[in-house]
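Mapping to UniProt numbering: the sequence shown position 250 is 250, numbers consecutive.
Ideal Cβ placement from N, Cα and C applies to all residues, glycine included.
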Amino acid sequence: MPTKPVTTAGRVDRKEKAGKAQGTTQTRATKQTKQTKQTKQTKRAVQPDAKPRANQSNERETPPRPKAAKRASRPDGAATRQHLLDIAGQIFAARGFADATSKEICERAGTPMASVNYHFGSREALYEAALVEAHRQVVSLDELTALTEGAGDPRDKLRAVISRFVGLSTSTSAPWGFMLMLREMLSPSPAIPALIEKAVRPKAAVLLGLMGKVLQLNPQEPTVQRAVMFTVLPCIALMIAPRQAQAALLPAVAKDKNALVEDFVRFVMAGLDAVAAAHRARK
């Protein structure tokens with residue numbers, strides 16, 4: 001069948017119809033776009049509390065975040081520290097500093113491996129704290145101050161102090177601090193300077209002041225310092241001496257505790273009287 005020839009006029013007519021159809025489509029799309037924009041604007045006007053768009057977020061100033069509160073310390077922190085100190089003191093007293101490890105201390109205490117570093121900073125610092133605690137077990141600074149302060153005869157106060165020291169030597173259950181102090185005296189460690197500054201020196205100042213009043217001399221006088229040494233060192237020797245040795249060598253000593261205290265006080269006071277008399281004679 002022969003094909004009908006397409007004329008120029010026919011082609012033009014089809015182009016015009018296509019153009020009109022395309023224009024109609026564009027017009028409809030434009031109207032829909034305008035309607036959509038108007039709908040969105042209406043919604044924003046009806047909902048004033050709606051969240052602003054991203055490009056408007058900077059218009060509202062964001063309030064600063066409150067700083068996080070510091071974490072409160074655990075209520076059992078002090079108890080855990082003291083428990084570690086007690087266990088460590090027992091191990092140090094029995095085995096010495098060189099043979100006691102942080103692992104053994106934590107295992108015996110039932111605490112995590114990092115407990116020694118957390119509470120004390122290091123094993124060396126723990127040993128230093130144990131020495132200070134050992135010295136406190138002998139006599140605390142508060143107790144010593146209470147015995148020496150207030151009104152009263154200085155000689156009576158010194159008797160009370162000596163009685164306290166000697167009385168500890170007759171105790172059947174000596175704390176671990178006594179053995180630890182004995183170890184430290186026989187084999188001084190690098191912690192000795194810290195022990196002197198933190199525990200010994202404050203108590204020595206109290207005793208020097210009391211002894212100065214007893215001898216009626218300046219506490220810085222060599223005579224007063226020697227008198228403190230002659231009085232305190234025998235007391236310490238009695239306190240830290242092994243009980244087995246005392247029982248084997250001097251069995252009668254521990255049989256009458258009151259007599260031991262009374263005789264020691266007489267011995268010391270008579271010696272102090274002789275020292276004071278000699279000092280006055282030299283003047």
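- request: Please classify ILE162: is it buried, with 16 or more other beta-carbons within 10 angstroms of its beta-carbon, or exposed?
  value: buried
task: Give the DSSP-derived three-state secondary structure of SER189 in the structure shown.
output: coil
- prompt: So what does DSSP say about PHE97, is it helix, strand or coil?
  reply: coil
query: Is there contact between the stretch 192-202 and the stretch 115-132, where contact requires at least three CB pairs shorter than 8 Å?
result: yes
message: Please state whether the Cβ-Cβ distance between ALA227 and LEU195 is less than 7 Å.
response: no
task: Sort PRO222, VAL265, PRO190, ASP156 by Cα distance to ALA98 and report the nearest one.
output: PRO190
- request: Determine the direct distance from the alpha carbon of LEU210 to that of residue 284, and round the result to whole angstroms.
  value: Residue 284 lies beyond the range of the chain shown here (1 to 283); nothing can be said about it.
Outcome for PRO48 when other beta-carbon atoms lying within 10 angstroms are tallied against a minimum of 16: Below a pLDDT of 50, predicted positions are generally treated as unreliable, and PRO48, at 45, falls in that range; the measurement from the model is reported next regardless. Looking at its Cβ environment, which holds fewer than 16 other Cβ atoms inside 10 Å, PRO48 is exposed.
field: Own chain, CB closer than 8 Å to THR257, minus 5 neighbours either side, in chain order
entry: First, the residue type needs correcting, since residue 257 is Lys and not Thr in the sequence shown. Closer than 8 Å at the Cβ level, and outside the excluded window around LYS257, lie GLY167, THR170.
message: Quick check on GLN90: buried or exposed, where buried means 16 or more other Cβ atoms within 10 Å of its Cβ?
response: buried
message: For VAL214 and ALA205, what's the separation of their Cα atoms in angstroms?
response: 14 Å
- prompt: Hey, GLN137 and PRO175: beta-carbon distance below 7 Å or not?
  reply: yes
Sequence-distant residues of its chain with Cβ nearer than 7 Å to GLY96 (five each side left out): ARG183
- request: Output the distance between the C-alpha atoms of MET185 and LEU141, rounded to the nearest integer angstrom.
  value: 20 Å
Limits of the alpha helix (DSSP H) - the one that GLU104 falls within: 102-109
- prompt: Hey, quick one: how far does the alpha helix (DSSP H) through ASP156 stretch, first residue to last?
  reply: 154-169
- prompt: Taking the C-alpha atoms as reference points, what is the distance between ARG81 and ALA277?
  reply: 50 Å
query: Run through DSSP, which three-state label would ASP86 get?
result: helix
- prompt: Hey, LEU126 and LYS203: beta-carbon distance below 7 Å or not?
  reply: no
task: Could you give the DSSP three-state label for GLY150: helix, strand or coil?
output: coil
- request: Check each candidate in LEU207, ARG282, ILE105 and name the one with the smallest Cα separation from PHE165.
  value: LEU207
message: Considering only the alpha carbon of each residue, which of ASN117, MET179, ALA79, GLN225 lies closest to ARG243?
response: MET179
query: So, is GLY177 buried or exposed, given that buried needs 16 or more other C-beta atoms within 10 angstroms?
result: buried
- prompt: alpha helix (DSSP H) containing ASP256: first to last residue?
  reply: Here ASP256 belongs to no alpha helix (DSSP H), and DSSP marks it neither H nor E.
- request: Please report how far the alpha carbon of MET229 lies from the alpha carbon of ASP263, in whole angstroms.
  value: 18 Å
- request: Use the C-beta contact count for PRO63: other C-beta atoms within 10 angstroms, 16 or more gives buried, fewer gives exposed.
  value: For PRO63, the pLDDT reaches just 49, beneath the cut-off of 50, and the residue's location in the model is therefore unreliable, leaving the point undetermined.
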